[in-house]
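The letter at position 172 of the sequence shown is residue 172 when you use the UniProt record's numbering, and the numbering goes up by one with no holes. Ideal Cβ positions, reconstructed from N, Cα and C, are used throughout, including at glycine. Right, one structure below, let's go through it.
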Amino acid sequence: MEEKKLDLNSIIGFVLIFLILIGWFWMTKPSPEELAAEKERQEQVQDSLEQLEAQNNPIPEVQPEQTVVLSDSAANAAYRNRVGAFAFTETTDGETTLENDLLFLEISNKGGQITEARMKQYVTFDSIPVYLIKDGNASFNLVLTTNDNRVLQTRDMYFQPELTQDNGNQVLSMKAKAGPQQFLEFRYTLKPGEYLLDFDIRSQGLASVLASGDGVPMQWEMKGIRHNKSVMYENRYTRLTYRHEGEDISKLSESSDLDEETEVDVRWMSFRQHFFSSILAVNQPLASVDLKSANLVEEESRETEFTKEFGIATELPKSAGELASSMHWYYGPTDIDTLEQYEDLALADSIPYGWGIFGWINRYLFTPFFGFLSSFLPYGIAIVVMTILVRILLSPVTYKSYLSQAKMRVLKPEITEINEKHKDNAMKRQQETMKLYNKAGVSPLSGCIPALLQLPIFYALFMFFPTSFALRQKSFLWAEDLSSYDTIAQLPFTIPFYGDHVSLFPILASVAIFFYMMMTTGQQMQTQPGMPNMKFIMYLSPLLMLFFFNNYASGLSLYYFVSNLITIGIMLVIKNVILDENKIHAQIEQKKKQPKKENRFQKKMREMMEEAEKQKKKK
1 MEEKKLDLNS IIGFVLIFLI LIGWFWMTKP SPEELAAEKE RQEQVQDSLE QLEAQNNPIP
61 EVQPEQTVVL SDSAANAAYR NRVGAFAFTE TTDGETTLEN DLLFLEISNK GGQITEARMK
121 QYVTFDSIPV YLIKDGNASF NLVLTTNDNR VLQTRDMYFQ PELTQDNGNQ VLSMKAKAGP
181 QQFLEFRYTL KPGEYLLDFD IRSQGLASVL ASGDGVPMQW EMKGIRHNKS VMYENRYTRL
241 TYRHEGEDIS KLSESSDLDE ETEVDVRWMS FRQHFFSSIL AVNQPLASVD LKSANLVEEE
301 SRETEFTKEF GIATELPKSA GELASSMHWY YGPTDIDTLE QYEDLALADS IPYGWGIFGW
361 INRYLFTPFF GFLSSFLPYG IAIVVMTILV RILLSPVTYK SYLSQAKMRV LKPEITEINE
421 KHKDNAMKRQ QETMKLYNKA GVSPLSGCIP ALLQLPIFYA LFMFFPTSFA LRQKSFLWAE
481 DLSSYDTIAQ LPFTIPFYGD HVSLFPILAS VAIFFYMMMT TGQQMQTQPG MPNMKFIMYL
541 SPLLMLFFFN NYASGLSLYY FVSNLITIGI MLVIKNVILD ENKIHAQIEQ KKKQPKKENR
601 FQKKMREMME EAEKQKKKK
């Protein structure tokens, strides 16, 4: 390898840069006159502030407080210069703790905001307590403009804490004072046994301090802390969801690098981090809210700490120049049983059950039913039992589908004969095939319709397992956590789109779906020749499942494995016990002898095909 050395030109370049920097510092240094003027200006500002404090606080009783607040330390002097009217609060760093048996919170004197929110009853995949706020990942801020044209950020201001008890509730008042009876207050109220705390913002005597205007800008920002084993999987269910314009529930993109929206009449905003949520709800709808979400995850990595960055910006209304807003903070699990306790706020709507009928099936059918089963069965067994019952309920649909396939197999010799007879005339071949189907009372689509009827169940369960909080950190067989992937082997390298581990449940599910497709797709290839893509799909689907589900919830792979096994069993029973192809053939022959009346659709199709045939002959 060639060794890199500094040549003469490089040395000369560095020397010239150094000389230029020396010259620039010498030319821009302040003159003695400028230093003296700056010192005189600072003394004048200090004298003016002392006169203002003396005018605002002439009462002797408050002099001790003034002495403490207006100390001569450099920090306090700088703070007073910056905040002006709100310099009445002591600039003391510190935190106040609020906690019950579920939640631990720390509220900082600086900013009066929550700087730590920890779940007491939950841990992450690596046994660390679940934090929603920690190490500056969140910020709450009001932007105040004073009548002397100062723009103040509450996150930089100091608040004075006062912790009291009210009927068993912990009440923390955080005040930034502009005078003995002039202040901005953040009031937090935490009740026993709840993840929800009341949050009230109010001001007193600030109408003469704050600049005139209809509202005060409010900002809330947060970076989602990683909690799950697979950051890509967790990030897929980490989203900003909000309720607006009455009952409408919307969400920002789950994968976009940056998504921004502006909504009106917003009731709550949820920063959902898969199984845990930070929600800000308001009693009176916010007139307009700007929402944004930025994706922070590019690939699967054990070092990734954050999933998404959320942010909202709005305005809190003023009345007679004062602030008065009642809100609620929720820091807790994204669990239906917990969120339904706050029915008046409709926080349970933030759970991603799916849209339309799929969400309805999940929320009002599968969730309570699984909750019932898991109340007396191990969670893995509950999944197996629920899967068996679902497949039994859908067995009539499976029967209809298989019956259609059996009829097509019976007609296969006649279809082959038609194809050979009219192999050079596709139009005629199609006409004769349709006539045969019509006489036999068979529809090639009859096998597809039952499959379509199963789609709502398929999609609902696809959304149910990854978002079911009940499965979180529940083990079954070799799977340590049914809400995350199982691992039977850790790879020393990463396979693109697959990962750095081998999960067994997706392998079992892929094998099961392969044999299922052999029984269904393979039969369609036999009864409907000329379908070369079917064989490709038969091999591609299990392979896609193997890769796609390797990082998905093992509970979902367990469901697909058991579901396909049961479906295969049902189809074998139908084929070998229930259906008799000889009887089906006799029934079809009997139908052929019966006069068949065309419906309007069939008549129209026949006429169109005959007209097309005539046009072809003319050409």
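Check	Outcome
Cβ pair count under 8 angstroms reaching 3, the segment 141-148 against the segment 206-215	yes
Cross-strand partners of Pro161 (DSSP beta bridge)	Met174
Those residues which DSSP pairs with Thr567 across a bridge	For Thr567, which the question treats as bridged, DSSP gives no partner whatsoever.
Gly193 in three-state terms, based on DSSP	coil
Beta-ladder partner(s) of Lys251, from DSSP	Thr241
Short Cβ contact (7 angstroms threshold) for Lys191 with Phe183	no
DSSP state of residue 626 mapped onto helix, strand, coil	Residue 626 cannot be examined here, being either before or after the span of the chain that is shown, 1 to 619.
Proximity of Thr304 and Val231 at Cβ, strictly below 7 angstroms	yes
Same chain, Cβ closer than 6 angstroms to Leu556, neighbours up to 5 away in sequence not counted	Phe465
Ile507 versus Leu240: straight-line alpha-carbon distance, rounded	33 angstroms
Extent of the continuous beta strand (DSSP E) run through Arg267	Asp259 to Gln273
For Pro542 and Phe514, believed in contact at Cβ under 8 angstroms, the rounded distance	4 angstroms
Within 7 angstroms, strictly: CB atoms of Phe561 and Ala489	no
Coil, strand or helix - Arg118 by DSSP	strand
Delimiting residues of the alpha helix (DSSP H) encompassing Tyr131	Not the alpha helix (DSSP H): Tyr131 falls in the beta strand (DSSP E), residues Pro129 to Ile133.
Straight-line gap, Ser484 to Thr467 (C-alpha atoms, nearest Å)	11 angstroms
Straight-line Cα distance separating Gly205 from Pro60	Because the pLDDT at Pro60 is just 39, under 50, the model does not fix this residue reliably, and the value given afterwards should be weighed accordingly. Distance between the alpha carbons of Pro60 and Gly205: 21 angstroms.
Residue burial classification, Arg243 (beta-carbon count within 10 angstroms, cutoff 16)	buried
Option nearest Phe369 by Cα separation, candidates Ala382, Ile357 and Arg202	Ala382
Assigned exposure category for Ile114 - 16 Cβ within 10 Å defines buried	buried
Backbone secondary structure at Phe476 - three-state DSSP	strand
Buried or exposed by the 16-neighbour rule on C-beta atoms within 10 Å, applied to Glu185	buried
contact_flag[the segment 314-321, the segment 293-300] where n(CB pairs < 8 angstroms) is 3 or more	no
Touch test, the segment 358-374 against the segment 217-237, Cβ-Cβ under 8 angstroms, three pairs minimum	no
DSSP three-state assignment for Asn100, whether helix, strand or coil	coil
Alpha-carbon to alpha-carbon, Asp93 and Val216	25 angstroms
Spatial distance of Arg202 from Ser325 (CA atoms)	6 angstroms
Within 7 angstroms, strictly: CB atoms of residue 624 and Asp344	The question about residue 624 has no answer, for the chain in this structure spans 1 to 619.
Cutoff 7 angstroms: Gly111 Cβ touching any chain C Cβ	Reference to chain C is not applicable here, since this structure consists of a single protein chain.
Glu194 to Glu254 span [Cα, whole Å]	29 angstroms
Buried versus exposed call for Glu391 [16 or more other C-beta atoms within 10 Å across all chains shown]	The amino acid occupying residue 391 in the given sequence is Arg; Glu does not appear at that position. Burial call: buried.
Bounding residues of the alpha helix (DSSP H) (the contiguous stretch that carries Trp360)	Gly356 to Ile361
Same chain, Cβ closer than 7 angstroms to Glu340, five either side skipped, listed in chain order	Ala348
Beta-bridge partners of Pro333, as assigned by DSSP	Phe276
Distance, Phe358 Cα to Tyr402 Cα	26 angstroms
Beta-carbon separation (whole angstroms), Val289 vs Met327, contact threshold 8 angstroms	13 angstroms between Cβ atoms; not a contact.
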